Structure formats: structure tokens, C-alpha cells
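Counting the sequence shown from 1 gives a position; our numbering is that position plus 37. What follows is one structure encoded as C-alpha cells, with my remarks underneath.
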Amino acid sequence: MRPHVTAAGPRARLLRRPTGATGAVVGLCAALPLLAGCDRAARPPDAPPPTAAPVALAPEAYARLVGAFYTGVTAYRVGDNDRARARLAEAAEIAPGEPAVWADRALADLRAGDREAALAAVAEARALAPESSTVALVAALVSGRLGETDQALALLRESVTLDGANLRARYALADELGRGAVAGDTAHDAEIAAQLEAILAADPGNLVVLIERARQGAKAGDAAVVARMLDALVWESAVWPADARAKLEEARAADPTNAKTMGLKLAQLNNLVVTTPGYQQSLARLTSAVGDVAEPIEVFLRLPPPAATPAEADLALSFAPPAAAAAGDLVPAAPLADCPSAWPPAAIRVDWDNDQRLDTVCAAGGLRVWRAGEGEGAPDVDATAGVEPGVAARAYSGVWAVDIDLEGDLDLVLSLAGDAPDRTPVVLRNNGDGTWTALASPFGDVAAIADLRWADLDGDTDPDVALVDAGGAVRVFDNERAGQYADVGPTDVRAAALAVADADADGRLDLVTLGTDGAVVRHAWDGTPGGWSSADLVRWTAPPADGSARLWWADLDNNGALDLVASAAGGTAAWLVGSDGGFAPLPAVLPAGVVAVGDADGDGRVDLGAAAGGGTAAVALNQGGERDYHHQVVRPRALREGDQRNNAFGIGGDAMIRAGLVAQVQPITGPAVHFGLGTSEASNVVRIRWPNGIAQAEFDQPADATVVAEQRLKGSCPWLFAHDGEAVRFVTDVLWKSPIGLRLNAQTTAGVVQTRDWVNVRGDQLSVRDGQYDLRITAELWETHYFDHVALMVVDHPAGTEVRVDERFAVPPPPLEVRVTGPSRPIARAVDDAGRDVTDRVVARDGVYLDTFARGAYQGIAADHHVEVALPEGTADGDVLVASGWVYPTDSSVNVAISQGVHEAPRDLSLEVPDGRGGWTVARPHLGFPAGKHKTMLIDLAGLYGGAAADGPRRLRLRTNMEVYWDSLAVATPLPDAELRRRTLPAASADLRYRGFSYTNYTDGTGSRTEPEVPDYDRLSGPGQMWPDLVGFYTRFGDVRPLLADVDDRYVILNAGDEIALRFDAPAAPPAGWVRDFVFVSDGWEKDGDLNTSYSKTVHPLPSHDRPAYTEPWNDGPVGPLADDPVYQAHAQDWVDYHTRHVTPERFRRGVWP
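Right under this line is the structure:
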């Protein structure tokens, strides 16, 4: 464990070097040059500061400005660019003289692709603040993004001149100079060196700059510079992994004047060090997140800023004496029958059946499980029968709710009572059908549990487990997903009670312990082995010795800062946190034996639930104090139908709120999350991060109200766009047949059926532009894509014929072939399984989908349904059914969930025909399903009817329980002898670049989930991190054509937000009487970030064609070093030349944090 540090003040933050044990801590203005107070011009020390025209606003206008500006800034951060533009435009109308508004507006306009608006806005900001280095930097970066390199360089130099401590400006200048450098240009090299040296003078431990300066020295043959940088890196390397330290020694032993050798050593060193927190923190001090032009300016430059701290603590706060509890979420009015206690850990209230009603689980006196009654006042129903009798009969001392396998149902962790011979914790998996299955404990050698918390302690979006064992030792188990946990410390920490909170207000959740000596200590974990630090917060002078201690964080006075409550059977103490971050003891009389905190009576104040006689609980109502601060309550609500990857209230996730410059984050531990807002009359944004890793934001929420956040859905697979002569438009998704790590159930991972993918591109979807075909592949979802090969097949055929490939997912897969048919003929009639005529929905490919079936509880699974089709007159025995539509798929977590208990598994399509006795029989089983959006299946009809003439229209049924939505059903006659002219074109150019994320629209504009979301290429919702990206090395931006030429496991690795822009040289037009269509050919894999997908945290293990079965963590162990991966070992040079862009989910984790 890292050193324990006692804070200088009661709430002082722990300041420590993130990159090693030496070097000066960067000053605030060097580390955060975008703060207005850090914006100082280069001038003699005794010269007066430049004057600026004051901006005056009436209080009401200023309040509106703060709301508009900070909603715009936070919307920009979370990717809602339309809202950002609208609110920043509103801010500009309110305060046209505030330059920060115009600078941020320029960034939002640029993100939207509005060049003229961006240039006008940045010009206005420059005119209002010509002395501002920050505004000059924004102007420079906008110019650079628009391709105006000379202007960008001039503005960067001006920014540096205005403020030499603006390290972002210096690094941007060095970077821009480096991109335009010409071999032998000593002037450029000298200027780059000067900027890097200046950064190191202010930030001597910056790993990014130390390595870059060493590279530059090696390139110039300057042995002294190389040696100086490597010596500095030695001082920073104490906390590096062993392989990184070894590589540094290799570099030190190499010839510093051999540019090629030293360059290779430094590149390899960079790849090892880039994964460390120190490197990432160094980078964050210099650059914005990938895709962001610049960080938005967060404070006003002319107007006074709003408060950046919570309001003053209200020490006049008091509580009424405990009284009988009313019905509510805080504590039950009385324990249920057979349960001697009403409070944790002996009993808990938790929605284990995901019906958004609190149920009760009692561990005292044997395990009992109740389900909440369905009507108001209805009695709870005993559901203990779902527990194996031998498990229910054992004696327990505590129970906690944790979704062990992250599939959306809360499971139970039980600690056996002290007289049990084997006290290994009992883990009961919730099967989602009212039954429970005992699992082996994932918590190593833990023998019993005294306290437990479930929250994301390392910021990687999956909740971890922290516990106190029966001996008082604190243990933390990192959630490695797929039901795997790893013991990560901290070591030598003992506690009587635990809590999880952002104890130092830095946007990260901390583990807080109450020691038996009364010390309350914050423990922060950076996610690396041994990466723990700690700081004392307060000391309880009367700690209990009877094991009854409990610890909570809640904003008791609503001032916008979390307060601390420590309680035991003998007494309770509370400390309020004020605007200075310090802890002040609350003098109010508090009830002993506090067992719960929350708003029991709905008045917007946090109350205290306390133990009462006979196992009951009472409530001490919060009476308020002298200050009537505002509050906001967030109630996350997961989807009850068609998803089930999150528990009902989002427990295990977190909620983040921002009002002006004040931000807060809290773990979600129950149905409601209470935030104090102080004097703010609204929040700018509330962000929910669900326990499955997905985030969503709600904007402009009024104070003193409840925000109900309904869960939204996610999708999968890279998207293909084509230029049709007028615009770039969506065609379909690709790589649908080769997901890696996809879980089929709790024990099995799907193998890759086929890495080669062919998809149809109609002739009207792709036109020649300047002699070339223009296609784009975008990665916009929570996935990593590995593209090994791309090509474009040009298919010329006689007019009056049609060509298609079969775009289904099936096992075995259909052959990769182009099939020629005559014109498609619409079906005669269609009837759904309820007998409704639905012909109008499937008679044409028009974006009107057949969606009349009932959806199920899980995404991708519906009620058993079919569509009965009357084939058109003249349908022959050898014809094919042309079925076009889309599928809403299941995912790893859904597959794991439905494999537990009794649930209907997904069944792919079958084709049924009349059996001649008034019924139906299966003629074609296991036909698969459409492989994504806008896909066509070709189903052979040969032999279905015995070749005999039909008395009436021939009929068939397509049946499944999957969410398959048909757009059109038609029949066509194969023409196997028709002439075709096919050519497969290699890419003439392939450029990988950052693009961002498209706005998506539903086909019919209704917003119904039964319509596929279609991305609009011309509208971007924003860059940055929309998802918690998989950690690892991605391909650097630029030319990637060599990686796409052959199928050879040398691939392009795409992250969310990336785009491959492809051009193919167009051959001569087809002859008269012929037409042209296309097939897009690709080869590769995709891995999504679903928490149950194998190794979904990281880019590697890397896929390969000779290993179609992807590795599984429960068989192959945790992910190993990249250097041990077989693909890396076979093509290591690619990680020097191509895969040099390291990505972490840090920006996503910070969310709305300033």
C-alpha cells in the first residue's frame, strides 16, 4: 500500500506526485491553464494587468446566464451538441460581452460542421479578449482543425507569448510544428525543442514530454539530450511495471546517437509506460480528449464566476426525536414475520425481482425472502420456497445485495453466523424466475463478512466489492467481469465499518473506513496493483467496541457537500462539510443506533432511521436549520420490458450532478439518490451511469424536485456509409458474423463462425465521385473493431435482373456468393399470429416494419410469433423468398441471464408449411436471422411443395421468438445462367481519422424501438467518449491501407468515434443495357464492451484467424501482458508503426466534472 498521509486540514486533498517520487508538483496555473485566473500576459513583473471592458448584468439575467452557459458546457462534454449550441447561443444573447461564451460556442459550432459560425464566434471571442492566452489557444486549435495551418501556428505562438505558463499552448505548438516539419529543417526542430524544454521547466516529471524530447534528441544525434531525458525518466520509474523499467535500462544501454535503434527502444518504452496513471495524467495536463478540438472554457473571463464550492454548512441543523416509521423506502414500519430485525445487515430491503418495488430479505434466524405485494397496502408474499431448503435453514449474521455476474439481477451475499464450522460466505445467484442457486464464493479466503459495499472504486465502470472480514481486515475485490474477481488490497488496513463516497470531491469514489480507534480514513485506488493512497479525515472520539458501528455519507443540510455520519448502539456523531471542505461537528442531538439514512417523508431533507425496541426501526426527521438550501432527488428506473441488463434501480451504478462549477458524484445504493444543491435553483445536468456501464444525461432539472431517469438502450457493430452522388448515407452494418468474446450462457463463449463478411450495396447507394467510389466505415458504439481486409466488388449485370448476397447470420453460414434473380415480386398477402392482415407492412421495402408481436422481458427476445405469407401467383418450386428486415439482438449479459433459471432461449427463424391436416410442419429449421440492420435473407423454396400445382396461393410461415422485424417479403426466380461481370477492387486509399458520433434517427420518426436507428452522417452529436472505451492500443490516425490489403492478422484497430475513409478507383461504366451493383467485402472481428463479454475491458487478447475460439477468463485467467500475445509477437513492428494510440475511459469516467 502507498504511504498513509495525514491531511494538513480536516478535508485537505492528498497531494502526491502521480508519476514518481521526485519532481515538483505542478502549480495550479500550469496544470489548469484554461482557468481564467491562470490567463496572464507576458509582461514585466511590475506592469499593471491589461484592462478589459467590464460586463454588467442584473441578478436575474446573471442567473439565466449561468444556467444557459453551464448547461451548454456540460452538454458539450457529454456529447449533446445540439443542446450545447442552443444553450450557448442563448448565453451569447444574455451576455454578448463575455468572451468565454463565444469561445465555447465556436467549439460547438465546429463540432457541428458549421465552419462559418465557428470562425465568426472565435473572432468575437478574440475581439473581446485579445489579451487572453486561453482564447488565442482555442482560436488556434479551431484554425488547425479547419486546415488553416499557418494561421494556427501564428495563434499558437501568440498564445505562448501571452502566457508562457500555458503548457497546453506550448505542447500544441510543438505538435503542430512536428506535423509540418521537413527533414533537415533545423529552425522547426529548434522551436519544437524550445517548447518541450519550457514544458519540462514547469513540469519536470511529465512523462509524455520526457519521452518525446528523448526521441527528438535521438533523431538529432544529440547524446546529451537523450542521456538527460533518460536520467530524468529513471527518477520517475519507481512506480512503473517491471517490464517498463527493464525497457528503460535497455534504452540507457543503447547507443544514443543511433537514431534508428534508440527510436525503436523509445517507442517500445512509450508503449509500456503509456498504460500507467502517471503517463495518462501527464497527457491530460497537455491535451484534450481525443476528438475534442479544445477543452471548453469553464469560467467567465469578464463576469464574476459562480461559486466553485458548496455553500456554507448549516450547523443549526436539528433532528426530531425518533418516532415510529411510516411506510416508505427508508425502513419498514415493523419487521416481517419470522424476521427478528428490520435493519441491515440482518435484513435488507431490495428489489430482487426487478418490478420496481422494494422486497425484503431477512438473514437473521435463517434466510427468508419476501416479494412486495402488488397493490397499495397489499401484504408481502413469502417467496422463500425459491431457496434450497438446506441453504435457507442455515444461521446467518448478514446479507448484502450484489449483482455478482452483472447480468441485471441482484444476487445475495450472506455471511454465516459465528458458530458455523465453515464460515465461507454463501453467494446465491438470482435466476430471475424466483429461484436461487448457490455459487462458490468469488472472494478468495474470506471466511466471514462483517460489512460490505458494492461500487466502482477504480473508475473502470464495473462495480467492485469492498468488505470487512470477521477479523476486521479490509479486503477489496476488483470486478474483472464475467463473474471473476481479483483481490487487490489494500493491505494492513483494518476497520469496524465501511462506506463509499467521493470523500475529497475529485469526481472519483473512495473507500472510507471507520477504525476501531475512531479514525475515519479515505482510501483512493488508481486501478493499478498496489495503487492505494490514504488520508485521515476526522476522528470519532467515542468509537464503539461492540461491533455495531456503521458509516454513512449524505448531504444532511443540502449545501452541496456530502456530510459524514458515524453511529453505533451507544451513540451517533455527524460532521458537516462546508465551503472550505472542512469537517465541522454537528452539535445537534442525534439518535443512537442509526441503521439507515434517506428522505423518509419526502420533504427534501435527509432523515435518520434508528434501531428501536423489538427489532423495529424509528425515524428521526430532519428539521432543517437556518438556511433553506435546495435539493434534487434522482430516481433511476431501468426498463422493465425488453432489456433486463440492469437491476430496477440501477444499484451498483453512480449518479453525477452539476450545477455551475459545483459537481458531485454518488454511488447508487437504493431507489433514490439525494443531492443537495445549496443556493442553485437548478442542476445543469444529471448523469446516470448504469451498472452495465452505459451512461445517459438529463438536462436543466429544477431544484426541489425529483428526476426520474428511464434507462435507454444500446446497439452494436460498425456502420457502413456510401456517397450516393448527393450525400454520404448509411447503408448497413458490417462484421456481424464475427463477434469475439460473446457469451452464450454462464459457461460458454461463442466461437467465430466466419470472419469474412459480404453485404449488399445497391447501385443507387454508391456513385462515382472524381473517378472513385467513396465509402466510410465508422465505429460509433461500445466496441473495438479489428479490420483485417476490405475490398469492393463491382457487379455488372443485365438490366431486368437483380443481384444479392445472402446477409443472414446462421450456423453453418450461407455461402459467400452473388446470386442473380429475375425481378422481385411482392407477396400476395401476409397475416400475423393474431390473424391480422399485415400485408401493407411487408409488401414493399419502405421502412414500415412488421412489429405487431409482443416483446419479452429481455432485449432481443419476444413472444413466440410468426407471419403467414401467401406467395404470389406463379411462384415456382425453385424460387427464393427475398426477406428483408432487421434484428434487435441479445447480448452477452442477456444470454447469461436467460441461461439461469427457466427462461425461453432465443430461437432463430424456421419456415413452416401446411401439413395437409389443417396444421403446420417445420420444413426449414434453423434458418438464422438477418445479420443486423437493412439486411436481406435469401430462402430457397425448392422442394417445399413437392412440385405439385397448387389449388390456391402457396402458403408458408416464418416463425421465431427473436425480435426480427420484417420490412419486405417478396419472391424472385433464380437465374443461375445469367451473365455477370465481377471485379474486386482494392482500396486506392484508406485513411483512419477521428470523426465522432452520428445523430441517429428512427426510420419513421416515431422513436419506436421497433424501428432501426439510422445514423445521419452529416450531423454529429459530439466527439469525446460516449462509452467507457476498452483500454489498449489502437491504430494511429493516417494511412492504413497496408493493413487492409490482405487477410493476414495485421489489422486496423478502431475505437468508438473512429472512421476509415475508403476510396476505390471506379472501372469503366457497364455497357448499354447493363446496370451496376456492389458488394462490400470485409474481414475482421468486433468485441463489445458488455460487462459479460470475455475480456471486455481491454483491446487484447487479440483475435487471429488460426484461433477461432476466443479465450475465456474462467479457463485462461486474467488478461496477460500485450507482449505475450501471439498476434503481437508475430507482428510486433505494427505496434511501433501503427498501433501507437493508447486509449483509456478516463474522459467518460469524469463525465460532467469540470
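Here a beta-carbon is modelled for each residue, glycine too, at the ideal position from N, C-alpha and C. Predicted model, so just to flag it, every value in this text is computed and none were measured.
Handout entry: Rounded C-alpha distance that separates T43 from A519
Key = Reading the sequence shown from its first residue, position 6 is the one you call residue 43. Reading the sequence shown from its first residue, position 482 is the one you call residue 519. Confidence in T43 is poor, its pLDDT being 33 and thus under 50, which makes the residue's placement unreliable; the coordinate value appears in the next sentence. Roughly 38 angstroms separates the two Cα atoms.
Problem - Per-residue burial, N1152 [other beta carbons within 10 Å of its own, 16 or more giving buried] - result: Here residue 1152 is taken as the residue at index 1115 of the sequence shown, counted from 1. Answer is exposed; the Cβ neighbour count stays below 16.
Problem - Run of the alpha helix (DSSP H) containing P1163, from where it starts to where it stops - result: Walking along the sequence shown from the start, residue 1163 turns up at place 1126. From DSSP, the alpha helix (DSSP H) with P1163 extends over 1163-1167.
Handout entry: DSSP beta-bridge partners of L453
Key = The count along the sequence shown starts at 1 and reaches residue 453 at position 416. In the DSSP secondary-structure assignment, L453 is bridged to Y433.
Handout entry: Those residues which DSSP pairs with D1076 across a bridge
Key = The residue given as residue 1076 occupies position 1039 in the sequence shown. DSSP output for D1076 lists D1028 as bridge partner(s).
Handout entry: V789 versus A1009: straight-line alpha-carbon distance, rounded
Key = Stepping through the sequence shown from its first residue, residue 789 is reached at position 752. Stepping through the sequence shown from its first residue, residue 1009 is reached at position 972. Between V789 and A1009, the C-alpha separation is close to 31 angstroms.
Practice task
Below 8 angstroms on the Cβ atoms is my guess for H711 versus D638; work out the distance and round it to an integer in Å.
Solution key: To locate residue 711, count along the sequence shown from 1; it is residue 674. To locate residue 638, count along the sequence shown from 1; it is residue 601. About 13 angstroms separates the two Cβ atoms, so there is no contact after all.
Handout entry: Own chain, CB closer than 7 angstroms to G1126, minus 5 neighbours either side, in chain order
Key = Here residue 1126 refers to the residue found at position 1089 of the sequence shown. Excluding residues within five positions, the ones whose Cβ falls inside 7 angstroms are G730, W819, E820, W1064, P1065, L1067, S1133.
Exercise for the section: Report the option in P359, A429, V745 whose CA atom is closest to the CA atom of V632. Expected result: Taking the first residue of the sequence shown as 1, we reach residue 632 at position 595. Nearest C-alpha to V632: P359.
Practice task
Answer yes if the region 162-177 comes into contact with the region 1082-1094, meaning at least three C-beta pairs across the two stretches below 8 angstroms, and no otherwise.
Solution key: For the pair of segments examined, the region 1082-1094 was found not to touch the region 162-177: the number of CB pairs separated by less than 8 angstroms stays below three.
Handout entry: 8 angstroms Cβ cutoff met for L829 and V1118
Key = Along the sequence shown, one-based indexing puts residue 829 at 792. Along the sequence shown, one-based indexing puts residue 1118 at 1081. Cβ atoms of L829 and V1118: closer than 8 angstroms.
Problem - Where K970 sits in the DSSP three-state scheme - result: As a working mapping, residue 970 is identified with position 933 in the sequence shown. The answer is coil: DSSP assigns K970 none of H, G, I, E or B.
Exercise for the section: Classify L1128 as helix, strand or coil using the three-state DSSP reduction. Expected result: Here residue 1128 refers to the residue found at position 1091 of the sequence shown. Residue state, collapsed to three classes: coil.
Practice task
Specify the secondary structure class of N932 as computed by DSSP and reduced to three states.
Solution key: Residue 932 sits at position 895 when you count from the first residue of the sequence shown. Three-state result, N932: helix.
Problem - Proximity of W9 and L627 at Cβ, strictly below 8 angstroms - result: With the chain running from 38 to 1191 in the structure shown, residue 9 is simply not present.
Exercise for the section: Work out the CA separation of A283 and V263 for me, nearest whole Å. Expected result: In the sequence shown, residue 263 corresponds to position 226, counting from 1. In the sequence shown, residue 283 corresponds to position 246, counting from 1. The straight-line gap from Cα to Cα measures roughly 17 angstroms.
Exercise for the section: Return yes when the Cβ of M974 is within less than 8 angstroms of the Cβ of A7, no when it is not. Expected result: In the structure as shown, the chain starts at 38 and stops at 1191, and residue 7 therefore has no counterpart that could be examined.
Practice task
Evaluate the contact criterion for the region 461-477 versus the region 947-955: three or more CB pairs, one atom per stretch, below 8 angstroms.
Solution key: no
Exercise for the section: Write down the C-beta distance between V1112 and A836 rounded to the nearest angstrom, noting that I regard them as a contact closer than 8 angstroms. Expected result: For the purposes of this step, residue 1112 is taken as the residue at position 1075 of the sequence shown. For the purposes of this step, residue 836 is taken as the residue at position 799 of the sequence shown. Indeed, because the Cβ distance is near 5 angstroms, the residues count as touching under 8 angstroms.
Handout entry: Own chain partners of G762 with C-beta closer than 6 angstroms, once the 5 adjacent residues on each side are dropped
Key = What you label residue 762 is simply residue 725 of the sequence shown in a count that begins at 1. Contacts found: S804.
Problem - Alpha carbon of E335 to alpha carbon of D594, nearest angstrom - result: Locating residue 335 in the sequence shown gives position 298, where the first residue counts as 1. Locating residue 594 in the sequence shown gives position 557, where the first residue counts as 1. Taking the straight line joining both Cα atoms gives about 27 angstroms.
Exercise for the section: Return the chain-ordered list of same chain residues with a C-beta closer than 6 angstroms to the C-beta of R587, the five sequence neighbours on each side being excluded. Expected result: Position 550 of the sequence shown holds residue 587. Excluding sequence neighbours, R587 sits near A534, S604.
Handout entry: Where T397 falls, given that 16 or more other Cβ within 10 Å makes a residue buried
Key = Numbered from 1 along the sequence shown, position 360 holds the residue referred to as residue 397. That one is buried.
Handout entry: Simplified DSSP assignment, three categories, for N1152
Key = What you label residue 1152 is simply residue 1115 of the sequence shown in a count that begins at 1. It is helical.
Problem - For Q669, the first and last residue of its enclosing beta strand (DSSP E) - result: On the sequence shown, residue 669 is found 632 positions in, with the first residue counted as 1. Element bounds for Q669: 667-674.
Handout entry: Nearest candidate by alpha-carbon position, reference D1120, set A1093, L1017, L853
Key = Counted from its first residue, the sequence shown places residue 1120 at position 1083. The shortest Cα separation from D1120 among A1093, L1017, L853 belongs to L853.
Problem - Between the CA atoms of A98 and L451 - distance to the nearest angstrom - result: Counted from its first residue, the sequence shown places residue 451 at position 414. Counted from its first residue, the sequence shown places residue 98 at position 61. L451 and A98: Cα-Cα distance of roughly 56 angstroms.
Problem - Local conformation of I814 per DSSP, three classes - result: Residue 814 sits at position 777 when you count from the first residue of the sequence shown. Three-state DSSP puts I814 in a strand.
Practice task
Have a look at G403, W407, P416 and flag the residue whose alpha-carbon is nearest the alpha-carbon of P426.
Solution key: Walking along the sequence shown from the start, residue 426 turns up at place 389. Ranking G403, W407, P416 by Cα distance to P426 puts G403 first.
Problem - Proximity to E733 [Cα-Cα], best of R674, T997, D770 - result: Your numbering for residue 733 matches position 696 in the sequence shown. The identity of residue 733 in the sequence shown is Gln, whereas the question assumes Glu. Ranking R674, T997, D770 by CA distance to the CA of Q733 puts R674 first.
Problem - Three-state secondary structure assigned by DSSP to N467 - result: Position 430 of the sequence shown, counted from the start, is the residue given in the question as residue 467. It is a strand residue.
Problem - Proximity of D1102 and Y1031 at Cβ, strictly below 8 angstroms - result: Residue numbering aside, residue 1102 sits at position 1065 when the sequence shown is read from its first letter. Residue numbering aside, residue 1031 sits at position 994 when the sequence shown is read from its first letter. Their beta carbons are not under 8 angstroms apart, which means D1102 does not touch Y1031 by this criterion.
Exercise for the section: Please state whether DSSP places F712 in a helix, a strand or coil. Expected result: As a working note, residue 712 is residue 675 in the sequence shown. If DSSP states are grouped into helix, strand and coil, F712 belongs with the strands.
Exercise for the section: State the Cα-Cα distance for the pair A1198 and G615, rounded to the nearest angstrom. Expected result: Absent from the model: residue 1198. The displayed extent of the chain is 38 to 1191, so no value can be given.
Exercise for the section: Output yes or no for whether 8 angstroms exceeds the beta carbon distance between Y823 and W1172. Expected result: Sequence index remark: in the sequence shown, residue 823 carries index 786 (1-based). Sequence index remark: in the sequence shown, residue 1172 carries index 1135 (1-based). No, they are not a contact pair.
Exercise for the section: With distances taken Cα to Cα, identify the nearest neighbour of V1051 among R806, F767, E1149. Expected result: Translated into the one-based positions of the sequence shown, residue 1051 becomes position 1014. Among R806, F767, E1149, the Cα nearest to that of V1051 is on F767.
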